[in-house]
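*Asks:* Numbering (the numbering used here) for the first sequence: 8 to 812.
I have a structure I would like to understand better, so I am pasting it below and will then ask my questions one at a time.
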Amino acid sequence: MSQYDPTASEGKWRKRWEKERAYNVDLTAAKNPYYSMVMFPYPSGDKLHVGHWYNFAPADSFSRFMRMQGNTVFTPMGFDAFGLPAENYAIKTGVHPDDSITANVETMITQLKRIGCMYDWEKMVNTSKPEYYRWTQWLFLQMFKNNLAYRKDANVNWCDSCKTVLANEQVWEGKCERCETDILLKPMTQWYWRVKDYAQKLLDGLDTLDWPEKTKTMQRNWIGRSEGMNFTFKVKDSDVEFEVYDSVPQTYRAQTFAVIAPEHPMLPQLVKGQKNEKEVLDFIERVKVKKATQKYNFAEDLEGVFTGRYVEFVTGDLPLWVASFAVMDYGSGIVNCSAHDERDFAFAKKYGIPLHVVMVPEDEKEAEKVRNLEYCFCKDPQGIMLEPEEFEGRRWGEARQDIINHLEQEGIGYPVVQYKLRDWSISRQRYWGAPIPIVYDPEGNAHAIPEKHLPWELPHDVEFRPTGTSPLAQSKELKERTEKIFGKGWTPEVDTMDTFVCSSFYQFRYLAENSEKEFVPKNVEKNWMPVDMYIGGPEHACMHLIYARFVTMALKDFGHVSHDEPFKRLVHQGLITNQGAKMSKSKGNVVSPDAFIEKYGSDVFRMYLMFMGPFTEGGDWSDTGIKGVDRFVQRIWRIFSEKLNKKVDQETEVTVKLHATIKKVTADIERLHFNTALSALMELLNILEKHDAVSHDVAGVFAKLLAPLAPHLAEELWELSGATGFVIDQKWPTYDEAQLITDTITIAVQINGKVRAEFTAPTDISQSDAIAQAKQDPNVQKYMEGKEIRKEIYVKGKLVSLVVG
RNA sequence: GCCGCCGUGGUGGAAUGGUAGACACGGGGGACUUAAAAUCCCCUGCCCGCUUAAGGGCGUACUGGUUCAAAUCCAGUCGGCGGCACCA
């Protein structure tokens, strides 16, 4: 009895695929292009972990399926190679990031190849190589040229341990996401990209995408569109005016005070010369740091101080307070406050600021409580308006638009739309990233580096030890290069770009085949974009996946690409945990695939991951179940190598099961239900095992159905079945609906909803015959005895339901 | 607090209105073997019944509802997971 030897077989087929360039795609000539991508990995020094396999292997199975369906499938692979880990490693060991990354990429490629994916390695990208990051810089220049890049002095999130600025997304509960050090504030000049300009477009585009609803909802919340009105507040005894945003302008009459964010740049000027100037300034300093460095808690951290200033509004002169809860990055940083907002209400109560009620509940008892300021009544569509008098008696929800129109007519305010989304800070005070292609003249003005000087290379002569300034500032070579090209006194920008910039456009660079001449060939881009299927983790829902969409939209507006959206269909794989916990080095619960691959081969391992449960749900790792998949593989091999026979009178049972399996496996892989596709194949095998011989045709179909899931074994089986060529080049099998029909069927009989009997009948039995036959069953008769039949239902081919009573 | 998802045997899971537990893992029993591994066969939701059986009851987190029929749809409750949370 021959044993299947996965190690020998898998190596053999990988070599043959490579030799015959089975997975290399001619991008210009492709028919039915299907672009299938996974989120590219970071090349860490560690080996591939279960999470990588769980992402890449099922994604590959889907790609293989699409290929056999007649598509030219392009699945590239690359490396998101810039970023902190390599730099931190360099700081620790002195190994240059370029060296460690190059080595890591090499070992990672070897490991990735063992999965047996259809990657077209000729189109690989590595974001840390000059031939890639010249385009990262080119992208920056496009943004700069089109006024989507700007510089702004801002308090940035500063991690004193990593010595770097962090994006809002990288701050976790006031701590650095990486090292958990408390964030400090540091004023710095940063480059920003105007994502906010695209807020509406980013929002609208979501409706066109085949993405998980959950992810779309997360993006919608992240973008945070809100409709309301702006009012103008003039500061009393001053020329200063503020536009103040209000999302519930219905209750504008209730406004009795206003608050300003502690971070507001005008604040020092406003309080200058006030009696309590020092008190206010001290408060601002303290709260600013507190807000930036720890999670703000509405109830516990509610505090403020009176500025001594008043603002003029139609409701009178409102005292202006500095309040901890006011946010600088939303609206104008000034908030109008009323009795009809939970926070405002709590704040006013705490500091004894007068409140004025303009809306009450319908219930008179409750209304009385609200009038007496016993609790805050807000945002209830049924609330009854007391003011303004033109709207007295109307409902809060229903009167909204009328009040807005009224306010607009009266010139008190004007409608506006606000977004929570903030512009993207792309500057990083780090070494290991793409240098920002900007130089400064002796007066300090920013100039774009002309494209002919790209790639603007990352200098090599830097110390990695963080000093608080950007590492590039130490490079003599960079300084000299800048002066040589631009003139004496010119200085280079020393910040590098956020790695999310690198990963925002790689889908185009795969298509460019690393071309130096163009960002992406127009015809290829038009033919292949958008990406048909993008598979990766849900953790990127609000960063990478918004940035990539923004960049694509911007590039389309600049005329470089032809579509607004980069990823037509998105799927998130589930998470594989170990003993219920996320696998991590610190917990020491990381499962290494290596031992399993060694023992069972890559086909078994990837099938086991898929067999564990639904792809999008992940699951908890267990290493006992893999045996079952190994047995499946060995049984396939044994059955086909022992029972294969040219002359087989195929029995109906086999034919029916075969067609049913084709149908089920096809539907299941389409839905990414790999677990049930596999169980269908196991069922088919269980049937085949009962028969003495198996035809070459059946073996061939089995090989094809198996090809997406176990690519190596399928080739071996295809060869065994006597066929030539690669199984992956074959057409996906089709089933014949007529062959699914059996001679007899089993019909269940329900009495009052409970199954009491079943009988076999000809497939084409009529409704009346089925019901008649059901009634003849002795057990059924027992339940019908002395009772009247009230209703008879026949579900074709499945059951008879009788209602008696 | 808000939004979303989920809850099924000892375990992973299957079934998206039509015979709950497919397919596996684990467990029990048997065959083969000097023995073990491997392999093969049978049993395996819980309970009642029985020499064997026929049959019956209960059962998809909980409580109700809709329906001839509910794991599936609706309402509420409890538990778990994920995201957001000062956005005026």
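Where a beta carbon is used, it is the ideal one built from N, C-alpha and C, also for glycine.
Remember, it's a predicted structure, so these values are computed and weren't measured experimentally.
1) When burial is assigned at 16 or more other CB atoms within 10 Å of the CB, is Asn-693 buried or exposed?
2) Check each candidate in Pro-388, Glu-310 and Phe-240 and name the one with the smallest Cα separation from Thr-322.
3) With a Cβ-Cβ cutoff of 8 Å, do His-347 and Met-335 count as a contact?
4) With a floor of 4 residues, list each alpha helix (DSSP H) that falls wholly inside the segment 514-546, ordered by position along the chain.
5) For my contact list, Phe-238 and Ile-443 are in at a C-beta cut-off of 8 Å; report their separation, rounded to the angstrom.
6) Assuming the contact rule is C-beta atoms closer than 8 Å, Met-619 and Arg-576 should be a hit. Round their C-beta distance to whole Å, please.
7) Please list, in chain order, all residues of the same chain as Ser-510 whose beta carbon is under 6 Å from its beta carbon, the five residues on each side excluded.
8) I'd like the list of long-range same chain contacts for Gly-404, defined as Cβ closer than 6 Å, with 5 residues on each side in sequence excluded.
9) Using 8 Å as the threshold, is the C-beta distance between Pro-256 and Ile-410 below it?
10) On the CB-based measure, 16 or more other CB atoms within 10 Å of its CB, does Gln-586 come out buried or exposed?
11) Ile-542: which of Asp-253, Phe-47 and Asp-33 sits nearest, CA to CA?
12) Assuming Val-266 contacts Gly-311 (C-beta within less than 8 Å), just tell me the rounded distance between them.
13) Please list the terminal residues of the continuous beta strand (DSSP E) segment that includes Tyr-252.
14) Can you name, in chain order, every residue of its own chain whose Cβ lies under 6 Å from the Cβ of Tyr-157, other than the five neighbours on each side?
15) Using CA coordinates, which residue listed in Leu-155, Thr-171 and Leu-518 is at the minimum distance from Asn-162?
16) Cα separation between Thr-797 and Gln-746?
17) To test your reading of the DSSP string, which unbroken alpha helix (DSSP H) runs of 4 or more residues are found completely within the segment 390-473?
18) So what's Leu-148 in DSSP terms, helix, strand or just coil?
19) Quick one: residues in its chain with C-beta nearer than 6 Å to the C-beta of Val-501, no 5 flanking neighbours on either side, listed in chain order?
20) State the beta-bridge partners of Arg-158 as determined by DSSP.
21) Considering only residues of the same chain and omitting the five flanking positions on each side of Glu-696, which have a CB-CB separation below 8 Å?
22) With a cut-off of 8 Å on the beta carbons, I'd call Trp-218 and Ile-190 a contact; round off their distance for me.
23) Assign Glu-17 to buried or exposed, taking buried as 16 or more other Cβ atoms, counted over all protein chains shown, within 10 Å of its Cβ.
24) Given a threshold of 16 other Cβ atoms within 10 Å of its Cβ, counted over all protein chains shown, does Glu-525 qualify as buried or as exposed?
25) From Asp-637, Leu-428, Val-640 and Phe-612, pick the residue whose C-alpha is nearest to that of Trp-628; which is it?
26) Identify whether Met-7 lies in helix, strand or coil by the three-state DSSP scheme.
27) If we ignore side chains and look at the alpha-carbon of each, how far apart do Gly-793 and Val-802 end up?
28) Can you grab the Cα-Cα spacing for the pair Met-8 / Ser-648, in whole Å?
29) Excluding five sequence neighbours on each side, which residues of the same chain lie with their C-beta closer than 6 Å to the C-beta of Trp-535?
30) Can you list, in chain order, the residues of its chain with a C-beta nearer than 6 Å to that of Asp-736? Leave out the 5 residues immediately preceding and following it.
31) Could you say which of Gln-783, Ser-775 and Val-787 lies nearest to Glu-761 if we only look at CA atoms?
32) Which word fits Pro-361, buried or exposed, when buried means at least 16 other C-beta atoms lie within 10 angstroms of its C-beta?
33) Enumerate in chain order the residues of its own chain whose CB-to-CB distance from Met-817 is below 7 Å, with the five nearest sequence positions on each side excluded.
34) Buried or exposed: which applies to Ser-107, given that a residue is buried once 16 or more other Cβ atoms fall within 10 Å of its Cβ?
35) Give me the Cα-Cα distance between Ala-714 and Gly-732, rounded to the nearest whole angstrom.
*Replies:* Taking the geometry as given:
1) exposed
2) Phe-240
3) No, these two residues do not count as a Cβ contact at 8 Å.
4) Scanning the segment 514-546 from its first residue to its last, the whole alpha helix (DSSP H) runs of 4-plus residues come out as 529-535.
5) Contact doesn't hold; Cβ gap of about 39 Å is too wide.
6) Here Met-619 is actually not in contact with Arg-576; their C-beta atoms are around 23 Å apart, not less than 8 Å.
7) A distance below 6 Å between beta-carbons, with the five flanking residues on each side excluded, links Ser-510 to the following residues of its chain, in chain order: Asp-87 and His-551.
8) Pro-388
9) Cβ distance < 8 Å, so Pro-256 and Ile-410 count as in contact.
10) exposed
11) Selected option, being the one with the closest Cα: Phe-47.
12) So it is a contact: roughly 7 Å between Cβ atoms.
13) 248-253
14) Tyr-199
15) Thr-171
16) Reading the sequence as shown, one finds Arg at residue 797 and not Thr. Looking at the two C-alpha atoms, the distance is approximately 38 Å.
17) 403-416
18) helix
19) Ser-477, Leu-479 and Ala-480
20) Trp-198
21) Arg-642 and Ile-646
22) That pair is no contact at about 31 Å.
23) buried
24) exposed
25) In terms of CA proximity to Trp-628, Phe-612 leads the group Asp-637, Leu-428, Val-640 and Phe-612.
26) The structure shown does not extend to residue 7, since the chain is modelled only from 8 through 812, so no value can be given for it.
27) 25 Å
28) Any reading at Met-8 is ruled out, since the residue's pLDDT is 49, under 50, leaving its predicted position unreliable.
29) Pro-40, Tyr-42 and Leu-518
30) none
31) What sits at residue 761 in the sequence shown is Lys, not Glu. Closest option to Lys-761, Cα to Cα, is Val-787.
32) exposed
33) An answer regarding residue 817 cannot be provided, because it is not within the stretch 8 to 812 covered by the chain.
34) Under this definition Ser-107 is a buried residue.
35) 13 Å
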